[in-house]
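Please read the structure below before turning to the comments.
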Amino acid sequence: MQSVANLVKEFQQGVEYFVFTSDTDLNGAELEGIQTNEWVRYNDHTQVWYAGREKISDTLVKQVELLKPDIIFIIGLFSWHFNMVRMMFCKGTRKIVSSS
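Here our numbering is used: the first residue of the sequence shown is 89, the next is one more, and so on.
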C-alpha cells in the first residue's frame, strides 16, 4: 500500500519498521521476485516479511513475540490473518488501528 510506503519513507529518525504482509496481491496473484517467510531489507530502517499462505497467523504472532514492538499499526479490520489476529492474539503491545 502506498500509505505504508510513504510512512516508512518519511518517518525515519529513531524508528525501525517491521512490515508483515502477504506474498500475494489483492487479486491473489503471487508477487514476483520476493523472498518469502523471512525478513527482507526494504530500506535502512525497514524490513518486510512476505508471508506465504501456510500458518500465516501462527507466524505473525511468533514474530511479534520475538520482536516485541512498541506499537503495532493495523490497517483496517477486514483480514483475519493480518488484522484480527493482531488485535486478539498479540498481547502486551500498544495498537493503532487505521480504518483505511
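No residue lacks a Cβ here, since even glycine has one placed at the ideal position from N, Cα and C. Computed from a prediction, not measured in an experiment: that's the story for all the values here.
Quick one: give me the first and last residue of the alpha helix (DSSP H) that residue i is part of.
| i | result |
| --- | --- |
| Gln-123 | Neither: Gln-123 is in no alpha helix (DSSP H) and is coded neither H nor E. |
| Thr-147 | 144–155 |
Looking only at C-alpha atoms, which of the options sits nearest to residue i?
| i | options | result |
| --- | --- | --- |
| Ala-149 | Leu-119, Asn-94, Asn-115 and Met-176 | For clarity, residue 149 is Val in the given sequence; the question names Ala instead. It is Met-176. |
| Lys-143 | Thr-124, Ile-163 and Thr-181 | Thr-124 |
| Arg-182 | Ile-159, Arg-141 and Leu-155 | Ile-159 |
Compute the Euclidean distance between the alpha carbons of residue i and residue j, then round it to the nearest angstrom.
| i | j | result |
| --- | --- | --- |
| Glu-104 | Lys-97 | 11 Å |
| Tyr-48 | Phe-108 | This structure cannot speak to residue 48, because the chain is shown only from 89 to 188. |
| Gln-101 | Val-128 | 20 Å |
| Glu-126 | Ser-187 | 28 Å |
Going by DSSP in three states, residue i sits in which element: helix, strand or coil?
| i | result |
| --- | --- |
| Asn-115 | coil |
| Val-103 | coil |
How would you write the range of the beta strand (DSSP E) that residue i sits in, first residue to last?
| i | result |
| --- | --- |
| Ser-187 | Counting along the chain, Ser-187 falls outside any beta strand (DSSP E), and DSSP gives it neither H nor E. |
With a threshold of 9 Å between beta-carbons, can residue i be considered close to chain C, or not?
| i | result |
| --- | --- |
| Asp-146 | No chain C appears in the structure shown, which is made up of a single protein chain. |
Can you find a heavy atom of the ligand MG that lies under 8 Å from the Cβ of residue i?
| i | result |
| --- | --- |
| Gln-151 | In terms of ligand content, the structure shown is empty, and the ligand MG therefore cannot be addressed. |
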